[in-house]
Amino acid sequence: MPTRLEPAPVMVERMVSSDPASSPSTSPESAPVIFDIRGLNVYYRDFHAVADTDLDIHQNEITALIGPSGCGKSTVLRCFNRMNDLIDGARVEGRVLYHGIDLYGPAVDAVEVRRRIGMVFQKPNPFPKSIYDNIVFGPKVAGWKGNLDDLVEESLRRAALWDEVKDKLESSALDLSGGQQQRLCIARAIATSPDVVLMDEPCSALDPIATYRIETLMRELKERYTIVVVTHNMQQAARVSDRTAFFSVDVGTQGQRTGRLVEYDSTDQVFTAPSLKETEDYITGRFG
Amino acid sequence: MQAGRNVLGTSAPLDLSGDPRRLRKERNVRRLFLSAAVFTILVSVAIVLSLVGEAVAFLQSIASEIDEGLGSLMADGWFPRRDRFDLRTIIWHTLSVSIIAMLVATPLGLGAAVYLSEYAKPGVRRVLKPVLEVLAGIPSVVLGYFALRFITPDILRNLWDTTQQSNLMAAGMGVGILIIPLVSSVSEDAMQAVPRALREASYGLGAKKWHTSLRVVFPAALSGIVAALILGLSRAIGETMVVAIAAGATGGSLLQLNPLYGGQTMTGAMASLAIGSDQVAGGVAAFQSLFFVGLLLFLMTLVLNIGSERLVRRFRQRY
Ligand SMILES: Nc1ncnc2c1ncn2[C@@H]1O[C@H](COP(=O)(O)OP(=O)(O)OP(=O)(O)O)[C@@H](O)[C@H]1O
Ligand SMILES: [Mg+2]
Chain A
1 MPTRLEPAPV MVERMVSSDP ASSPSTSPES APVIFDIRGL NVYYRDFHAV
51 ADTDLDIHQN EITALIGPSG CGKSTVLRCF NRMNDLIDGA RVEGRVLYHG
101 IDLYGPAVDA VEVRRRIGMV FQKPNPFPKS IYDNIVFGPK VAGWKGNLDD
151 LVEESLRRAA LWDEVKDKLE SSALDLSGGQ QQRLCIARAI ATSPDVVLMD
201 EPCSALDPIA TYRIETLMRE LKERYTIVVV THNMQQAARV SDRTAFFSVD
251 VGTQGQRTGR LVEYDSTDQV FTAPSLKETE DYITGRFG
Chain B
1001 MQAGRNVLGT SAPLDLSGDP RRLRKERNVR RLFLSAAVFT ILVSVAIVLS
1051 LVGEAVAFLQ SIASEIDEGL GSLMADGWFP RRDRFDLRTI IWHTLSVSII
1101 AMLVATPLGL GAAVYLSEYA KPGVRRVLKP VLEVLAGIPS VVLGYFALRF
1151 ITPDILRNLW DTTQQSNLMA AGMGVGILII PLVSSVSEDA MQAVPRALRE
1201 ASYGLGAKKW HTSLRVVFPA ALSGIVAALI LGLSRAIGET MVVAIAAGAT
1251 GGSLLQLNPL YGGQTMTGAM ASLAIGSDQV AGGVAAFQSL FFVGLLLFLM
1301 TLVLNIGSER LVRRFRQRY
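As given, the protein sequences belong to chains A and B, one line each in that order. Each residue of the first sequence is one higher than the last, beginning at 1 in our numbering. Each residue of the second sequence is one higher than the last, beginning at 1001 in our numbering.
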């Protein structure tokens, strides 16, 4: 029986930037750290995908991971809920402390981790089941006992989808539009009452209106959840996130491409006064 | 630029009609494949027509030459050489062998498929899958003797000492083992075809492996799994060698409700009419009955195949 992952009673607080001028209006410095990542290295077999990354994720904030394609954003995100376990040959080194517990420690059960840390994927991936069954899937497999109807309504309301689907909960989730499917996936992720919601390019398959709705939703959701979002959309990162982590790729002598964290700061700081030229070039579109 | 100058840089007038030799060659290749397809269809049609012809002749000859006439189709037992052609007997035996076979093959075949597709590490899978496919190549005569020499004396006799030397149960189990590779390999392919995104959705929600396998992968692959089971069932109905060896194939048989007793199935009856001491030759009703039973078998598998297409379409989940 694996040790149950209990939230640590004492939250670790860490300051990211000591410069108060960089502090955005929401003052993220005060938010407790819930992910404390130190010396993260990820390999796919021999391929070194991400090198020496340190990162703090703060509670009830939206943290955006940006950077060029292939720099390892998804790889890092998938370390937060041990989704990399599912990939044959993937290996994670370093510490990923979640409320002070190392997620890759020997006594941690990945299933338990994923019940607390939900995920929304790039491509909407509803189950080929009814809307209702999509929502109740997570709570059911977790053995949740309670009023499922209420839970479905509440989750759909929080995901701003209730009004559109309340009359067809029994129809197939695949009959929804792409934007609705993605909101259903968000509703499904929050139905298990997670602590953190990870989103990997949640709007990349959506039109601007659906994107706008999901961004609005993310801002609402951060009242309850901590959100980490990967995005290729600079405006999106600037609009929704509190902090931004910029990743880049180092090309080694043999042409191997290894991702690395270049700059991490409050979003205001990164977008208005990045400390590195590399970040500025990327944000202003002069990358590569 | 000069008019008529083509891409090759020559100034010959533009001609797009193509090389006649190449066109002729293409036509010939097309005809070659077409004739192969037509030949196959003609052979199938000829087989069905000859079955139908002989089957009708069989009905005519029992109607005119045998005292009971068509009533002999409902006589006591299947004894073709004594003009007793009770179809219920052999149909029931075929069903009971097939049901027993499916009871063996469904849990084992699907269990193996779920294991291979969802649980086995890639290395294990790379070894086990070919092994399973080799199993599919075991000649059925080997399984017939396995049923006769091992299943009956070492398993069934130990459980029920009234078990006959030849019995439907052993034959059914032998056929079941025979179709396990078919069932598991077709349904494993169906499970492998379920997109990775659905598995990730499930694991991302904190589902355990068996939840993901049974509640996400299995339902999404259901159409393929149903197809696998129906393929297995039609193979079981048509399987001849195992039942001929293990179920008792000589003479004829009375209707046997107890699978621990011997009996002839439809295929067993046909085999015993066609070979060995029971061999019969043209003209007599007994010989023609062979085609009649063959036609019935053909219709049964046809119905199964059409039914499976429908089922598959109904169960199909888009993903
Ligand atoms: N399953 C895998 N097996 C092997 N290599 C992988 C696998 N997944 C990712 N990689 C490699 O790891 C590196 C980082 O990939 P990752 O998907 O994390 O990039 P990303 O920053 O999310 O890119 P994108 O913006 O295009 O989604 C890439 O070079 C990629 O080829
Ligand atoms: Mg990615």
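Glycine included, every Cβ here is placed at the ideal spot set by N, Cα and C.
Measuring only the C-alpha atoms, how far is residue i from residue j?
i       : j       : result
A/S23   : A/I214  : Because A/S23 carries a pLDDT of 41, less than 50, the predicted location of this residue cannot be relied on, and the following value inherits that uncertainty. The straight-line gap from Cα to Cα measures roughly 25 Å.
B/V1186 : A/N81   : 33 Å
B/I1179 : B/P1130 : 16 Å
A/P126  : A/W144  : 20 Å
A/L184  : A/P32   : 29 Å
A/D150  : B/G1109 : 40 Å
B/P1013 : B/E1026 : 25 Å
A/T244  : A/R219  : 15 Å
B/A1221 : B/Q1192 : 8 Å
B/G1174 : B/L1260 : 14 Å
B/A1201 : A/R45   : 24 Å
B/V1048 : B/G1077 : 27 Å
A/T26   : A/V270  : Per-residue confidence for A/T26 stands at a pLDDT of 48, beneath the threshold of 50, marking its modelled position as unreliable; the derived number appears in the next sentence. Computed Cα separation, rounded: 15 Å.
A/S177  : A/E201  : 17 Å
A/R188  : A/D85   : 22 Å
A/P139  : A/R115  : 9 Å
B/L1159 : B/G1172 : 16 Å
A/V141  : B/I1099 : 34 Å
B/S1289 : B/G1251 : 14 Å
A/C71   : A/S193  : 31 Å
A/G99   : A/F35   : Reading off the sequence, residue 99 of chain A comes out as His, not Gly. Those two C-alpha atoms are separated by around 6 Å.
A/T267  : A/T75   : 21 Å
A/D175  : B/V1097 : 43 Å
A/P274  : A/A210  : 30 Å
B/A1227 : B/S1308 : 6 Å
At which residues does the beta strand (DSSP E) containing residue i begin and terminate?
i       : result
A/N41   : 33-44
A/D289  : There is simply no residue 289 of chain A to check, as chain A begins at 1 and stops at 288 in what is shown.
B/V986  : Because chain B spans 1001 through 1319 in this model, residue 986 of chain B falls outside it and cannot be assessed.
B/M1270 : Unbroken run through B/M1270 is the alpha helix (DSSP H), 1266-1274; no beta strand (DSSP E).
B/V1243 : No beta strand (DSSP E) holds B/V1243; the alpha helix (DSSP H) holding it covers 1241-1246.
A/V120  : 117-120
Does residue i get closer than 8 Å to chain B when you measure Cβ to Cβ?
i      : result
A/D19  : Because A/D19 carries a pLDDT of 42, less than 50, the predicted location of this residue cannot be relied on, and no value is offered for it.
A/F137 : yes
A/K123 : yes
A/D88  : yes
A/M199 : no
A/I283 : no
A/N81  : yes
A/R115 : yes
A/P32  : no
A/P202 : no
A/F127 : yes
A/M119 : yes
A/A173 : no
A/A49  : no
A/A210 : no
A/A205 : no
A/G183 : Checking the displayed sequence, the identity of residue 183 of chain A turns out to be Arg instead of Gly. It does not: the Cβ of A/R183 has no partner Cβ on chain B nearer than 8 Å.
A/T63  : no
A/V141 : yes
Could you give the first and the last residue of the continuous alpha helix (DSSP H) run that contains residue i?
i       : result
A/D54   : Run containing A/D54: none in the alpha helix (DSSP H); it sits in the beta strand (DSSP E), 47-58.
B/V1056 : 1020-1065
B/G1224 : 1222-1238
B/G1252 : Per DSSP, B/G1252 belongs to no alpha helix (DSSP H) and is neither H nor E.
A/F290  : In the structure displayed, chain A extends from 1 to 288; residue 290 of chain A sits before or after that span and is not available.
A/A189  : 178-190
A/R157  : 148-158
A/V165  : 162-165
Quick check on residue i - is its C-beta less than 8 Å from some C-beta in chain A?
i       : result
B/K1129 : no
B/V1216 : yes
B/G1224 : no
B/L1205 : yes
B/L1116 : no
B/L1198 : yes
B/G1283 : Interpretation of B/G1283 is limited by its pLDDT of 46, a score under 50 that renders its predicted location unreliable; the figure taken from the coordinates is listed afterwards. For B/G1283, the answer is no, since every Cβ of chain A falls outside 8 Å of its Cβ.
Could you tell me which whole beta strand (DSSP E) segments of length 3 or greater appear in the region 61-90 of chain A? 62-66
Entirely within the region 210-282 of chain A and at least 4 residues each: give me those alpha helix (DSSP H) ranges in chain order. 234-240, 267-272
Any chance you could list the residues with Cβ under 7 Å from a heavy atom of ligand 2, keeping chain order? A/K73, A/S74, A/Q122, A/D200, A/E201, A/V230
Let me know the alpha helix (DSSP H) ranges lying completely inside the region 1090-1168 of chain B, each 4 residues or longer, listed in chain order. 1122-1135, 1140-1146
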